[in-house]
Amino acid sequence: MPALKALRDAHPRARIEILGYRHIASVADKRFYADVVRSIEYAALSCFFARGGDLPSHLRDYFGSFDLILSYLYDPDQIFENNLRLCGVQQILRGPAQIDKNAHAAWQLAQPLRELGINVTDLAAKVFPSDEDRGFACRFLQSCDPPVLALHPGSGSERKNWPIENWIELAKTLLNGKVLFRTIIFISGEADEKEMTRLRTFFKDEPQVRFAHGLPLPQLAALLEQSTFIGHDSGISHLAAAAGARCFLLFGPTDPKVWAPQNTNARVLLAPNNDLTQIDLATVSKMIGL
Numbered sequence: 000m001p002a003l004k005a006l007r008d009a010h011p012r013a014r015i016e017i018l019g020y021r022h023i024a025s026v027a028d029k030r031f032y033a034d035v036v037r038s039i040e041y042a043a044l045s046c047f048f049a050r051g052g053d054l055p056s057h058l059r060d061y062f063g064s065f066d067l068i069l070s071y072l073y074d075p076d077q078i079f080e081n082n083l084r085l086c087g088v089q090q091i092l093r094g095p096a097q098i099d100k101n102a103h104a105a106w107q108l109a110q111p112l113r114e115l116g117i118n119v120t121d122l123a124a125k126v127f128p129s130d131e132d133r134g135f136a137c138r139f140l141q142s143c144d145p146p147v148l149a150l151h152p153g154s155g156s157e158r159k160n161w162p163i164e165n166w167i168e169l170a171k172t173l174l175n176g177k178v179l180f181r182t183i184i185f186i187s188g189e190a191d192e193k194e195m196t197r198l199r200t201f202f203k204d205e206p207q208v209r210f211a212h213g214l215p216l217p218q219l220a221a222l223l224e225q226s227t228f229i230g231h232d233s234g235i236s237h238l239a240a241a242a243g244a245r246c247f248l249l250f251g252p253t254d255p256k257v258w259a260p261q262n263t264n265a266r267v268l269l270a271p272n273n274d275l276t277q278i279d280l281a282t283v284s285k286m287i288g289l
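Under numbering that gives the first Met the number 0, the first residue of the sequence shown carries the number 0, and numbering increases by one thereafter.
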C-alpha cells in the first residue's frame with residue numbers, strides 16, 4: 000500500500016488496475032488505490048505462466064493497453080514477463096517476490112518505484128473504507144457499548160500466536176474490570192477456526208463479547224477504525240494499523256523491524272527469546288494500560 004499510495008499521489012489521474020487475489024485486493028478496489036481489481040485466478044491467464052503458450056487475443060490486447068506494469072509475481076525465469084512483452088508491453092517493473100531480512104518489507108516493496116523517480120518515504124499503510132463499509136460497521140456496532148476492543152488471537156501460524164488460554168484470561172480480566180472497554184470483538188478468519196471454537200464455547204453467554212468471522216476486508220477495516228486492537232504479526236494487524244486503530248501487537252519469532260506496521264498508532268511488544276509463551280498476562284495488561 001505505501002508503494003501504491005506513492006504511485007497514486009504521483010499520478011492522481013492515472014487508471015490503476017490490480018491483478019491479484021480479489022478477496023485481498025478488495026480493500027483497494029475503488030478505495031483510493033485502484034480503479035479496478037481483477038482476479039489472477041482467471042483460468043485463461045494460466046497460459047501466461049508457460050513458455051510458448053497460446054496467448055488469447057483479448058488478454059494480449061488487455062495487457063498491451065498499459066503504459067506500465069508493476070509485477071510482484073514470483074517469476075524467476077521471467078516466463079510471465081516475457082509473455083507480457085509478447086503482448087506489446089514496453090515498461091515492466093519487477094518488485095521483490097520474496098522479502099529478505101535486511102530492511103522493512105514496505106521499503107523493499109516500494110523500491111521499484113525509484114526507477115520512475117518516485118522515492119517512497121512514508122511506509123505507513125493506510126486504508127480508505129467507503130461509505131458502504133462504514134455503514135456496515137455502524138450496523139454491526141449498533142448494539143455494542145463503546146469503547147470497543149478488537150482481539151485477533153490468530154495469525155496463520157501457531158508459532159506466532161500467544162497461547163489461547165492467555166487470550167481467554169485477558170478477555171475475562173477486561174470484562175470483569177469494565178473500565179477500559181465495554182465491548183470485546185474477537186476477529187477471525189479461515190485459519191482461526193480452532194481458536195474460535197474454544198472462544199465461542201467459553202464466552203457464549205457473555206453479551207459483551209461479539210464475534211466477527213470471515214468479514215470482507217473493507218468491512219473489517221471500517222470496523223477496526225472504531226476499535227482498539229490487539230493482535231500478532233498478521234495481515235489483520237496491518238489492516239488494523241492502516242485503519243487507524245490504536246494497536247498493541249505481540250511479536251515472537253518474526254522480526255518487527257521487517258514485519259511490524261510502520262504506523263505511529265501501532266505499538267509492538269517483542270517476546271523474550273522470541274517465544275510468545277514467555278509473555279505473561281500482566282505484561283500485556285500493563286501495555287494496554289490496565
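Backbone N, C-alpha and C define an ideal beta-carbon position, used for all residues, glycine too.
Cβ-Cβ distance between residue i and residue j below 8 Å
i: L44; j: L85; result: no
i: P246; j: P260; result: The amino acid at residue 246 is misidentified as Pro; the sequence shows Cys. Yes, the pair counts as a contact, with Cβ atoms nearer than the cut-off.
i: K290; j: H231; result: In the structure as shown, the chain begins at 0 and stops at 289. Residue 290 is therefore absent and cannot be evaluated.
i: I229; j: I287; result: yes
i: P111; j: L69; result: yes
i: P146; j: L179; result: yes
i: L6; j: L169; result: no
i: A220; j: D132; result: yes
i: G213; j: E194; result: no
i: Y32; j: L3; result: yes
Closest residue to residue i among the options (Cα-Cα distance)
i: R93; options: F79, N101 and H103; result: F79
i: S142; options: A9, V208 and P215; result: V208
i: F127; options: Y41, A170 and V26; result: V26
i: V283; options: P162, Y61, L67 and R50; result: P162
i: I183; options: K4, F210 and D204; result: F210
i: I235; options: H151, L3, W106 and N82; result: H151
First through last residue of the beta strand (DSSP E) which encompasses residue i
i: H212; result: V208 to H212
i: T182; result: T182 to S187
i: I300; result: The question about residue 300 has no answer here: the residues shown for the chain are numbered 0 through 289.
i: F228; result: T227 to G230
Backbone secondary structure at residue i - three-state DSSP
i: L268; result: strand
i: T120; result: coil
i: S38; result: strand
i: R93; result: strand
i: L150; result: strand
i: S56; result: helix
i: I163; result: helix
Sequence-distant residues of its chain with Cβ nearer than 6 Å to residue i (five each side left out)
i: N262; result: A123 and A240
Neighbourhood of residue i by C-beta distance below 7 Å, restricted to the same chain and skipping five residues each side
i: L269; result: F250 and P255
i: R50; result: I78
Where the alpha helix (DSSP H) through residue i begins and ends
i: C46; result: That residue, C46, is in no alpha helix (DSSP H); it is neither H nor E in DSSP.
i: I235; result: G234 to A242
i: L3; result: P1 to A9
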